[in-house]
Amino acid sequence: MLILHLVFNVLARTKLAARNVTTGEVEEVIANGPLIRDNPHARVAGSIYAIGPTGAARFLTIVLQPDESDPTRWHVMTGWESSDRQIADYQSRR
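The following block contains the structure:
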């Protein structure tokens, strides 16, 4: 799966800010090669979780939805600090 472009709409930025996650941190997680998992609570087919560290080693879980017209463009829906279980899953698969 190739993620070259991230799209942040106003609602996504608001949700991220409410959880003290910056758009820069989201970009860092993607750039650092996250663990990709199917979204278990997907509202849109193809929705995924991207789990990984920021440049400052803060682990985040980012919800992404695929773009209908460009397979390398993904829409950021929200994100949060990863749970211990998500971090362990990331570490066990690296």
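Using the numbering used here, the first residue of the sequence shown is number 172, and each one after it goes up by one. Backbone N, C-alpha and C fix where the C-beta goes; we use that ideal spot for every residue, glycine too. Model, not experiment: these values are computed from the prediction.
Could you pull the start and end residues of the alpha helix (DSSP H) that arginine 256 belongs to? 255-263
Is alanine 188 near the ligand NAP, going by C-beta to nearest heavy atom under 7 Å? With respect to the ligand NAP, the structure offers nothing, as it holds no ligand at all.
Is glutamate 196 buried or exposed, if buried means 16 or more other CB atoms sit within 10 Å of its CB? Buried, because 16 or more other Cβ atoms sit within 10 Å of the Cβ of glutamate 196.
Taking C-alpha atoms, which residue in Pro237, Met172 and Arg256 lies nearest to phenylalanine 179? Pro237
What residue does the beta strand (DSSP E) around glycine 250 start on, and which one ends it? 244-252
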